[in-house]
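To start, the structure itself, in structure tokens.
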Amino acid sequence: MALNNNPFDQLQEDNENCGFQNKIYENEDLFELKAFDLKKFPDEKIKIFKSSSKQIIVVTITNRIFRWRYELDDEFIEYEIPEKKDEGNIISTIAGVANLAKDIGKKMLFMNTNKKNTYIEQFFLDVKGYHCIFCSDQGLNFYFGYNQQKIKVLKNIKGDEFTIRSAAFDETCTETNTKNMLLGTTDGVLYIYKIEYQKNTNELIESNPDRILQIPENRPILQIVYFLVQIQQQKQQTKTGLVVLSTSQSLYTFTGTSDLSLLLSKYKQVELEKLEKVTFNPSESSLLDVCYEIDNKGNRSPQSIIWTNGYRLNYYIIPKNQNQFNEKFLSQPSYYRYAKQTDQTEQEKQLKVEQMPIDICLTLYHYFILHQDSLTILSRINEKVVQYFDLKSIGKILGMSFDIENQQIWIYSNRKIQKLIIQNEDKVLLLKIKKNIFMCIYILKKDAWKLYLEKKEYKQAYEISSKNSLEVTEYLSGLYADELFEKRNYVLAAQQYFQTERSFEQITLKFIQGYQNTNEVELNEGLETYLELWLKKLKNEENLKAQKCILLIWLIEIKVQKLNYLEAKYQSKQNQLKKLKEQDELWDRTYNQFLQLNDKFKKTETEFKKLLSDNLNDLEENIVYQIMQSHGRLKDCLEFAQKNSYEMIILHHINEEQYDQALKYLFQIKEKHINEVLYKYCHIFMRYRTEQTIQLLQRYTKYKPQKLIGGLMSIHMEKRDQGINYIQHLLNNGCKDKVIHNILILFLSDPSKKNKLKEHLYQQEKILQEKEQVNFDLEFALRLFRTNKLYSPQIQIYGMMGMYSEAVELALKTNHIQLAKQYADKPINIDCRKKLWLNIAIHLLGKGGNNIDEVIQLTKDTDLLKIEDLLMHFNENIKIENFKKEICESLQEYNKEIEQLQSDMESYSSNADQLKNELRIIKNRYIEIESNHTCEECFKNLFNEAFYVFPCMHAFHKDCLLSKVKESCTDQNKIKQIEKLNKKIEQLQAKMNRVEQRKRDSIDSGFFNFVNIFTGRLSEDDQQQAPVMSPEEERQLEQSRNQFDTILANECIYCGPSIVESIFQPFEQDDDLKESWKI
1 MALNNNPFDQ LQEDNENCGF QNKIYENEDL FELKAFDLKK FPDEKIKIFK
51 SSSKQIIVVT ITNRIFRWRY ELDDEFIEYE IPEKKDEGNI ISTIAGVANL
101 AKDIGKKMLF MNTNKKNTYI EQFFLDVKGY HCIFCSDQGL NFYFGYNQQK
151 IKVLKNIKGD EFTIRSAAFD ETCTETNTKN MLLGTTDGVL YIYKIEYQKN
201 TNELIESNPD RILQIPENRP ILQIVYFLVQ IQQQKQQTKT GLVVLSTSQS
251 LYTFTGTSDL SLLLSKYKQV ELEKLEKVTF NPSESSLLDV CYEIDNKGNR
301 SPQSIIWTNG YRLNYYIIPK NQNQFNEKFL SQPSYYRYAK QTDQTEQEKQ
351 LKVEQMPIDI CLTLYHYFIL HQDSLTILSR INEKVVQYFD LKSIGKILGM
401 SFDIENQQIW IYSNRKIQKL IIQNEDKVLL LKIKKNIFMC IYILKKDAWK
451 LYLEKKEYKQ AYEISSKNSL EVTEYLSGLY ADELFEKRNY VLAAQQYFQT
501 ERSFEQITLK FIQGYQNTNE VELNEGLETY LELWLKKLKN EENLKAQKCI
551 LLIWLIEIKV QKLNYLEAKY QSKQNQLKKL KEQDELWDRT YNQFLQLNDK
601 FKKTETEFKK LLSDNLNDLE ENIVYQIMQS HGRLKDCLEF AQKNSYEMII
651 LHHINEEQYD QALKYLFQIK EKHINEVLYK YCHIFMRYRT EQTIQLLQRY
701 TKYKPQKLIG GLMSIHMEKR DQGINYIQHL LNNGCKDKVI HNILILFLSD
751 PSKKNKLKEH LYQQEKILQE KEQVNFDLEF ALRLFRTNKL YSPQIQIYGM
801 MGMYSEAVEL ALKTNHIQLA KQYADKPINI DCRKKLWLNI AIHLLGKGGN
851 NIDEVIQLTK DTDLLKIEDL LMHFNENIKI ENFKKEICES LQEYNKEIEQ
901 LQSDMESYSS NADQLKNELR IIKNRYIEIE SNHTCEECFK NLFNEAFYVF
951 PCMHAFHKDC LLSKVKESCT DQNKIKQIEK LNKKIEQLQA KMNRVEQRKR
1001 DSIDSGFFNF VNIFTGRLSE DDQQQAPVMS PEEERQLEQS RNQFDTILAN
1051 ECIYCGPSIV ESIFQPFEQD DDLKESWKI
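With the UniProt record's numbering as the guide, the letters of the sequence shown map in order to residues 1 to 1079.
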């Protein structure tokens, strides 16, 4: 059932301003204060602070080292750095002068260096807290294990070349073994190094540092990260190693196997300039942090990286797809907004880093920017400031340490350490700290889905809603499924669609239509997954057996298609391997693809057989047989068949090549089953026992010939005469299947059967003339004849297709002149026929000068071609005497045509004069009526008003005729036009009447007006100008009257054509009047 209401619309009113900082739940305790207590920590300034899941290590400004192990210690414990002279007093007991001199040299070297104290400048702690490496400013390095009580000197990495600036531990390191770790020096050299600690003997075993490469320009390696990424590779998860090196202006990436040594070994021989790197603006330092995802089982996987060198906050999503995971994925960074203080108003997104932070941190939902006096937390979803913390009160901030395992952030100054705990970030999204004390604002993540929805990040929105069991989960699940579908991840999309309430029909049609539009095989796999989920859901529903059967049939169809597809690709790769040499690189790649296809095919075949065996009781065997047979999966069909199946006996005889026995049994099969077996094995019987099979088919008629196409195509070439006779038998019995007719054409296309083919085509031409269609595919026949170079049949096919130009062209090309003449006369269009005949003549003239007689004869064969049409195509060497007679005959014919035209012109002129006389007579025509003639409508004397008289002697007053026309006419436009003209005539007539009246009054009082002129006693009305009718108005009046008469008096309303046509109109057009007539 589809989801009708959108929950997001329902909740939109309550969430007009989406964002964490805009909504706070009053029913929650907004702040939780936790101060970190430095248990018995001396009153010294802190220099370096590191934390892990098991311990905290602090180095003070006075070079003292303190450690607190959460599970083993109650307070901070101080540990001493070993003195260098202890190492220098070791003298080897190995015999030999050379070795003794070497040890004495070492002792003297250390005696010289003892003049200066060793200061710890940096140290590195793995995530679990098992291993710690201290680094001094003099090239001396020390190791401190979790279970050790003393710090030990690392002998193999000492000296100026081992001034370590960065380190990365292997995620799989154990309590006693660091595994392979990476060390970066101030000279830009990268080493692989390993330490193993023996608990029993308290012995430290170091490996020799393996130098991998050196960064160009010897820039210090400031940060190193190394982790394993789960990469999706052909539906399988594989672990791939990734190493990222950071300098002040570059990022280097190295990818490869999960074994660190093997991963980096391939880069030893690579030139430094060819290393894959991303370069930025020059700077003095850089910062880098990695965000990890932690699943329900506690497994960590890297999700993204943040990096800056003081210009922008670059972040990179670590790809999980094999096609995207390579050394260039850092070349296209995204940018986070930089902010230091709370943004009270919406401002333009600022990308430039105004002040270089001293540290940065990245979690799943936030990124942290730490300055020397403040901490700014921003949301990764909308890049808005969650909270700004003023940290001036705790002193100068030195750094920040993130404990991934415990989800804790430690911020330390030279005097204080503050702990910022992230308690389950899927529930706590906002964090505050005030006056050196930790606080949390609890904002449930159930509101975060809206922000992700706004950004169209449907996966995150769905996951948040699903974890919190919100009512919008189903809606978001559908959006996420649509996103997966658009990204062509059809299997996951199908699984997601199944969790929605969208209808079964909607989802299946989506996959089907997608496959029809794109032909992507993966769409069928998605549909297959969706159907399997539904089948699993209905498995125990006994009352839905029909639905389960439909799903099973559909799944079988899809899986059989998939098997055929994989088998075809499998065979293709196998053929490619045969053509390639084993030493070729392409052979290796093709062979791997071949093996993958083979495994996938076997897996699909196993799943298919399991589907059949698990659902045997819900299947219809005959339908399964039909599906398998239609796709050619005979082997699978036989495996599915029961042992006592009637087909098995026939199959056995066929496998033993006992075809006579198989046919003998076929004769004995019951009529209702014979078709199934006949269709399945017809191709075998037709191939090896053609005559006997045809006899059976001629005697048994209750089958569909189109099902025997495979059998007909299996007939040997030498036995195709029997196939032709059988097909003729089918045609005589009314078979009209186009494929059967095409097979007959195929059999007749043998050059040895030209006469039969010609006769068959002539019969088809007759059918085409009678029924305007043929039963075989003309284009197929044309391609077939063209391949076999059968020119005459090609010409016939062109003619049947109406392509007469091509037919004539091919006939002339192959010197079939008579066929060319035959098809040149076929077109209906005279110009086309003339053109074709002209092409024939040009072809004959092009052979040489000896074809004059043929050309002349050609002009006699058709009336469309004359000798003058060919003159321009004659050769210059042809003498005119050869066709003098024809030219004279043509001229005489033209002379006769000219005389006929002159006679026609005289006749037309006489007719025109006669028409003029008749028009003159009609114009002066009149009608005589008596003085007592009355109007046909009002029965009053006709001469009392303006009237119209028709040739039929019906007469009407103008007003009577006008009202009658309005009453009977159904054309509203005509009525409006009549009223408009009548109104215009009345206006102009009224004006004309006033002019006439004025003229009459002037004549009657002419003397008095004459006297008044001289006496000056003219009245005001007399002084006004008399009305005048302009010539334009007179013309309009005359024109309007003519139009009015033409429309109104066009025909008699009693006996004109309109009254005859009115018999088709109903008596009553008003609906109310129609209802009154009902009984």
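Every residue, glycine too, gets a C-beta built ideally from N, C-alpha and C. From a predicted model like this one, the values you see are computed outputs, not experimental measurements.
Practice task
Kindly list the residues whose CB is nearer than 8 Å to the CB of ARG689, restricted to its own chain and excluding five residues on each side of it in sequence; keep chain order.
Solution key: Position 689 of the sequence shown, counting from 1, holds the residue named residue 689. Result list for ARG689: TYR659, ASP660, LEU663, in chain order.
Problem - Secondary structure of GLU945, DSSP reduced to three states - result: Position 945 of the sequence shown, counted from the start, is the residue given in the question as residue 945. Coil at GLU945, not helix or strand.
Practice task
Please list, in chain order, all residues of the same chain as ALA494 whose beta carbon is under 6 Å from its beta carbon, the five residues on each side excluded.
Solution key: Here the question's residue 494 lines up with position 494 in the sequence shown. Excluding residues within five positions, the ones whose Cβ falls inside 6 Å are GLY526, THR529, TYR530.
Handout entry: Straight-line gap, ASP86 to LYS155 (C-alpha atoms, nearest Å)
Key = For the purposes of this step, residue 86 is taken as the residue at position 86 of the sequence shown. For the purposes of this step, residue 155 is taken as the residue at position 155 of the sequence shown. Reliability fails at ASP86, whose pLDDT of 44 lies under 50, so the model's placement of it is uncertain and no value is given.
Practice task
Mind listing, in chain order, the continuous alpha helix (DSSP H) runs of no fewer than 4 residues lying wholly within the stretch 505-591?
Solution key: For the stretch 505-591, the full-length alpha helix (DSSP H) segments reaching 4 residues or more read 521-537, 545-579 along the chain.
Problem - For ALA339, three-class secondary structure by DSSP - result: Counting from 1 along the sequence shown, the entry for residue 339 is found at position 339. Coil at ALA339, not helix or strand.
Problem - Span of the beta strand (DSSP E), counted from its first residue to its last, around residue 1093 - result: The chain is shown from 1 up to 1079; residue 1093 falls before or after that span and cannot be answered.
Handout entry: ARG165, enclosing beta strand (DSSP E) - first and last residue
Key = On the sequence shown, residue 165 is found 165 positions in, with the first residue counted as 1. Looking at the DSSP string, the run of the beta strand (DSSP E) that includes ARG165 is 164-168.
Exercise for the section: For LEU651, name the three-state secondary structure that DSSP assigns. Expected result: Walking along the sequence shown from the start, residue 651 turns up at place 651. In the structure shown, LEU651 sits in a helix (DSSP, three-state: H, G or I).
Exercise for the section: Report all residues from its chain with a CB closer than 6 Å to the CB of HIS631; omit the five preceding and five following residues, and keep chain order. Expected result: Stepping through the sequence shown from its first residue, residue 631 is reached at position 631. Correct list, in chain order: VAL560, ASN564.
Practice task
Assuming LEU748 contacts LYS738 (C-beta within less than 8 Å), just tell me the rounded distance between them.
Solution key: Translated into the one-based positions of the sequence shown, residue 748 becomes position 748. Translated into the one-based positions of the sequence shown, residue 738 becomes position 738. The pair is not a contact, with the Cβ atoms about 16 Å apart (cut-off 8 Å).
Practice task
Run the CB neighbour count on ARG998, radius 10 Å, all protein chains shown included, and call it buried at 16 or more, exposed below.
Solution key: On the sequence shown, residue 998 is found 998 positions in, with the first residue counted as 1. Exposed, since its Cβ has fewer than 16 Cβ neighbours within 10 Å.
Problem - Rounded separation between ARG380 and GLN148 - CA only - result: The sequence position of residue 380 within the sequence shown is 380, counting from 1. The sequence position of residue 148 within the sequence shown is 148, counting from 1. Rounded to the nearest angstrom, the two C-alpha atoms are 41 Å apart.
Problem - Option in THR604, LYS578, LEU535, TRP554 with minimal Cα separation from LYS562 - result: On the sequence shown, residue 562 is found 562 positions in, with the first residue counted as 1. The option with the nearest alpha carbon to LYS562 is THR604.
Problem - Residues bridged to MET181 (per DSSP) - result: By 1-based counting over the sequence shown, the position of residue 181 is 181. In DSSP, MET181 forms a bridge with TYR193.
Handout entry: Through-space distance from ASN655 to TYR570, alpha-carbon basis
Key = The sequence position of residue 570 within the sequence shown is 570, counting from 1. The sequence position of residue 655 within the sequence shown is 655, counting from 1. Looking at the two C-alpha atoms, the distance is approximately 25 Å.
Problem - Nearest-angstrom Cα separation, counted from PRO220 out to GLN513 - result: The residue given as residue 513 occupies position 513 in the sequence shown. The residue given as residue 220 occupies position 220 in the sequence shown. Approximately 57 Å between the Cα atoms of the pair.
Practice task
Give a yes or no on whether the C-beta atoms belonging to LEU961 and TYR948 are separated by under 7 Å.
Solution key: Numbered from its first residue, the sequence shown carries residue 961 at position 961. Numbered from its first residue, the sequence shown carries residue 948 at position 948. Against a cut-off of 7 Å, the Cβ pair of TYR948 and LEU961 comes out as a contact.
Exercise for the section: Name the one or two DSSP bridge partners that VAL290 has. Expected result: As a working note, residue 290 is residue 290 in the sequence shown. According to DSSP, VAL290 bridges with ILE305.
Practice task
Would you grab the beta carbon distance between ASN414 and LYS45 for me? Rounded to a whole angstrom, and I think it's under 8 Å.
Solution key: Taking the first residue of the sequence shown as position 1, residue 414 is located at position 414. Taking the first residue of the sequence shown as position 1, residue 45 is located at position 45. That belief holds up - the Cβ atoms of ASN414 and LYS45 are roughly 4 Å apart, short of 8 Å.
Handout entry: Best match in GLU383, PHE368, TYR388 for proximity to GLY399 [C-alpha to C-alpha]
Key = By one-based count along the sequence shown, residue 399 stands at place 399. Nearest neighbour of GLY399 by Cα position, chosen from GLU383, PHE368, TYR388, turns out to be PHE368.
Practice task
Going by CA-CA distance only, name the one from ASN382, SER374, LEU678 that's closest to TYR336.
Solution key: Along the sequence shown, one-based indexing puts residue 336 at 336. Considering only alpha carbons, the answer is ASN382.
Practice task
Take the Cβ of TYR226 as the centre, count every other Cβ of all protein chains shown within 10 Å, and call the residue buried at 16 or more, exposed below.
Solution key: Counting from one through the sequence shown, the residue named residue 226 turns up at place 226. By the 10 Å Cβ count, TYR226 comes out buried.
Practice task
Give the straight-line distance between the Cα atoms of LYS834 and GLN695, rounded to the nearest whole angstrom.
Solution key: As a first step, residue 834 must be located in the sequence shown, where it is residue number 834. As a first step, residue 695 must be located in the sequence shown, where it is residue number 695. Near 53 Å, if we compare the C-alpha coordinates of GLN695 and LYS834.
Exercise for the section: Kindly identify the DSSP beta-bridge partner or partners of GLN230. Expected result: Your numbering for residue 230 matches position 230 in the sequence shown. GLN230 is bridged to LYS239.
Handout entry: Sequence-distant residues of the same chain with beta carbon closer than 8 Å to ALA1049, five excluded per side
Key = Working through the sequence shown from its first residue, we reach residue 1049 at position 1049. Within the same chain, ALA1049 has close Cβ partners TYR948, PHE950, LEU961.
Exercise for the section: Look up THR253 in the DSSP assignment and say whether it is helix, strand or coil. Expected result: Position 253 of the sequence shown, counted from the first residue, corresponds to residue 253. Three-state result, THR253: strand.
Practice task
Measure the alpha-carbon distance for ARG920 versus ASP913 and round it to whole angstroms.
Solution key: Numbered from 1 along the sequence shown, position 920 holds the residue referred to as residue 920. Numbered from 1 along the sequence shown, position 913 holds the residue referred to as residue 913. Roughly 11 Å between the two C-alpha positions.
Practice task
Mind checking which residues open and close the beta strand (DSSP E) that includes CYS952?
Solution key: As a first step, residue 952 is located in the sequence shown; it is residue number 952 there, counting from the start. Looking at the DSSP string, CYS952 is not in any beta strand (DSSP E), and its letter there is neither H nor E.
Practice task
Keeping to the same chain, check which residues put their C-beta closer than 8 Å to that of ILE978; ignore five residues upstream and five downstream.
Solution key: Here residue 978 refers to the residue found at position 978 of the sequence shown. Excluding residues within five positions, the ones whose Cβ falls inside 8 Å are LEU962, VAL965, LYS966, PHE1044, ILE1047, LEU1048.
Problem - For SER334, three-class secondary structure by DSSP - result: In the sequence shown, residue 334 corresponds to position 334, counting from 1. If DSSP states are grouped into helix, strand and coil, SER334 belongs with the strands.
Problem - Beta-carbon proximity check, GLY799 vs TYR762, cutoff 7 Å - result: Taking the sequence shown and counting its residues from 1, one reaches residue 799 at position 799. Taking the sequence shown and counting its residues from 1, one reaches residue 762 at position 762. Cβ atoms of GLY799 and TYR762: not closer than 7 Å.
Practice task
Report all residues from its chain with a CB closer than 7 Å to the CB of ASN775; omit the five preceding and five following residues, and keep chain order.
Solution key: For the purposes of this step, residue 775 is identified with residue 775 of the sequence shown, where counting begins at 1. Cβ neighbours of ASN775 within its own chain (closer than 7 Å, five residues either side excluded): LYS736, LYS738, HIS741.
Practice task
Specify whether the stretch 351-359 and the stretch 259-267 touch according to this definition: at least 3 beta carbon pairs, one from each stretch, less than 8 Å apart.
Solution key: Touching, no.
Handout entry: Reduced DSSP secondary structure (H/G/I, E/B, other) of TYR79
Key = Locating residue 79 in the sequence shown gives position 79, where the first residue counts as 1. Strand, per DSSP.
Handout entry: Integer-rounded CB distance, given that ILE795 should sit under 8 Å from LEU778
Key = Position 778 of the sequence shown, counted from the first residue, corresponds to residue 778. Position 795 of the sequence shown, counted from the first residue, corresponds to residue 795. Contact doesn't hold; Cβ gap of about 13 Å is too wide.
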